[in-house]
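**Student:** Position one of the sequence shown corresponds to residue 25 (this note's numbering), numbered consecutively onward.
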Amino acid sequence: MTVLQKMILGVSLCCAVGAARAEVIGPDALIRNTVQEVITIVKEDKDIRAGDQKKILALVDAKVLPHFDFARMTQLAVGKYWRTATPEQKQALVTEFRNMLVRTYTKVFTVYRDQTVDVKPLKMGADVTDEATVKTLINKPGSQPIPVDYEMKKAADGWKAFDISIEGVSMVMSYRGTFTSQIEQGGIDGLIKTLSDKNANAADGELRKADAK
25 MTVLQKMILG VSLCCAVGAA RAEVIGPDAL IRNTVQEVIT IVKEDKDIRA GDQKKILALV
85 DAKVLPHFDF ARMTQLAVGK YWRTATPEQK QALVTEFRNM LVRTYTKVFT VYRDQTVDVK
145 PLKMGADVTD EATVKTLINK PGSQPIPVDY EMKKAADGWK AFDISIEGVS MVMSYRGTFT
205 SQIEQGGIDG LIKTLSDKNA NAADGELRKA DAK
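Spelled out as structure tokens, the structure:
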């Protein structure tokens with residue numbers, strides 16, 4: 025399993041939220057209470073494991089996306105250049121970054137193989153009530169556990185993740201290096217175009233695969 029697959033598996037298994045009430049429970053309890061639901065869905069649905077894009081996208085849309093702060097993730101990934109972006113550019117960056125992550129998430133469900141997740145109890149200080157790091161371990165038979173840390177912030181509608189670290193590697197920081205290079209070469213509009221083109225090419229590829237079936 026590649027680093028990217030580990031990262032996306034961690035995102036998909038641990039940050040998906042179903043019927044749990046995010047606004048009334050802590051971030052660790054939120055993850056702990058819902059991870060089994062997601063694992064069960066993937067484990068029991070052979071179409072998802074076989075790569076049914078319609079079902080996978082529906083699962084990602086319902087269980088994952090509402091519980092990520094994509095605006096903050098994008099801002100952190102873009103870094104210092106975020107301040108110079110226009111409101112329209114910021115919205116375009118968030119949209120394209122979100123679409124890219126969605127298409128990346130869909131790939132992980134076809135590589136799920138009996139992984140389980142342990143969520144460590146969270147200890148939050150009395151003066152720290154709106155941000156927390158939730159530590160988890162992804163366990164796969166025959167492999168070393170994979171440590172996954174979630175940086176989460178409490179919003180009006182519940183806890184949301186804004187960064188994930190897999191084996192100590194921050195997803196946001198990983199993208200920042202790439203985004204910085206692209207902005208330095210082609211400006212913010214250049215980064216938007218790069219993300220848009222990648223998303224469009226990925227969508228075309230999915231359509232070709234669907235037509236071939």
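From the three backbone atoms N, C-alpha and C, an ideal C-beta is built for every residue, glycine too. Quantities reported herein were computed from a predicted structural model and do not represent experimental measurements.
Going by other Cβ atoms of all chains shown within 10 Å of its Cβ, with 16 needed for buried, is residue 51 buried or exposed?
**Tutor:** buried
**Student:** Under three-state DSSP, which class holds residue 155?
**Tutor:** strand
**Student:** Would you identify the three-state DSSP class for residue 184, choosing helix, strand or coil?
**Tutor:** strand
**Student:** In terms of alpha-carbon separation, which member of 212, 139, 220 lies closest to residue 165?
**Tutor:** 139
**Student:** Give the range of the beta strand (DSSP E) segment to which residue 172 is assigned.
**Tutor:** 170 to 179
**Student:** Mind checking whether residue 121 and residue 174 have CB atoms under 9 Å apart?
**Tutor:** no
**Student:** Looking at the structure shown, is residue 161 part of a helix, part of a strand, or coil, going by DSSP?
**Tutor:** strand
**Student:** Taking the beta strand (DSSP E) that residue 140 falls in, what are its first and last residues?
**Tutor:** 140 to 143
**Student:** Could you pull the DSSP bridge partners for residue 194 from this structure?
**Tutor:** Paired residues: 189.
**Student:** Assuming residue 110 is part of the alpha helix (DSSP H), what are its boundary residues?
**Tutor:** For residue 110, there is no enclosing alpha helix (DSSP H), as DSSP gives it neither H nor E.
**Student:** Taking Cβ positions, are residue 159 and residue 93 nearer each other than 9 Å?
**Tutor:** no
**Student:** Among 226, 214, 204, 70, which one has its Cα closest to the Cα of residue 100?
**Tutor:** For the residues 226, 214, 204, 70, the minimum Cα distance to residue 100 belongs to 204.
**Student:** Does the separation of the CB atoms of residue 154 and residue 178 fall below 9 Å?
**Tutor:** yes
**Student:** Can you give me the start and stop residues for the alpha helix (DSSP H) that residue 100 sits inside?
**Tutor:** Run containing residue 100: 94 to 102, per the alpha helix (DSSP H) assignment.
**Student:** Measure the alpha-carbon distance for residue 55 versus residue 73 and round it to whole angstroms.
**Tutor:** Roughly 22 Å between the two C-alpha positions.
**Student:** So, is residue 130 buried or exposed, given that buried needs 16 or more other C-beta atoms within 10 angstroms?
**Tutor:** It is buried - the Cβ of residue 130 has at least 16 other Cβ atoms within 10 Å.
**Student:** To the nearest angstrom, how far is it from the Cα of residue 85 to the Cα of residue 117?
**Tutor:** 19 Å
**Student:** According to the neighbour-count rule (16 or more other Cβ atoms, all chains shown, within 10 Å of its Cβ), is residue 221 buried or exposed?
**Tutor:** exposed
**Student:** Taking the beta carbon of residue 187 as the centre, do at least 16 other beta carbons fall within 10 Å, making it buried, or is it exposed?
**Tutor:** With a threshold of 16 other beta carbon atoms within 10 Å, residue 187 meets it and is buried.
**Student:** May I ask you to report which of helix, strand or coil DSSP gives residue 71?
**Tutor:** Helix at residue 71.
**Student:** In whole angstroms, give me the CA-to-CA distance for residue 170 and residue 215.
**Tutor:** 31 Å
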